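This report concerns only the one structure given below.
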Amino acid sequence: MPFCPSCKYEYLPGIAKCPDCHMDLVDELAAAPQPQQTEWADLVTVADFRYDWEAQSAKIRLQSYDIKAALSNEIISQVDWPVAFMTGGIHLMVNREDAKRALEVLAGEG
Ligand SMILES: [Zn+2]
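Numbering (the numbering used here), first residue to last: 836 to 945.
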């Protein structure tokens, strides 16, 4: 349904302008602020490390590029990870939206 962004009145489909405000109608009013998402809503693993110091240094490297990173052994207590996820060393994880950039930084192209 089209809405007038000014008076918020809802119009029938096919109407393009609000006759009252002379505003172009929009499909949706600006979304209300989303409820705060958990900090680590959509993590992906970008690297695995055997040793904590390796993992820490990679994490610090990402953070120096303003990429928020976490190590699996630090956040396990906060999240209900599948068991398989906890094996195989220390996982360096970032939010999905940062994953591509994180991989570039870790590959030395940052
Ligand atoms: Zn209007």
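The beta carbon of each residue, even a glycine, is placed where N, CA and C say it ideally should be. Here the structure is a predicted model, which means the values were calculated and not measured.
Residue i, buried or exposed, once every other Cβ within 10 Å from all chains shown has been counted against 16
i: P848; result: exposed
i: H926; result: buried
i: D933; result: buried
i: S907; result: buried
i: V881; result: buried
i: C839; result: buried
i: V861; result: exposed
i: A893; result: buried
i: M784; result: Any answer about residue 784 is impossible in this case: the structure gives the chain only from 836 up to 945.
i: L941; result: buried
Endpoints, alpha helix (DSSP H) assigned at residue i
i: L861; result: Just to set this straight, residue 861 is Val in the shown sequence, not Leu. No alpha helix (DSSP H) contains V861, which DSSP labels as neither H nor E.
i: E889; result: D887 to S899
Beta-bridge partners of residue i, as assigned by DSSP
i: K852; result: D859
i: M928; result: T880 and A905
i: E939; result: According to DSSP, E939 bridges with nothing at all.
Quiz item: With contact counted as at least three CB pairs below 8 Å, one residue from each stretch, are the stretch 844 to 860 and the stretch 886 to 897 in contact?
Solution: no
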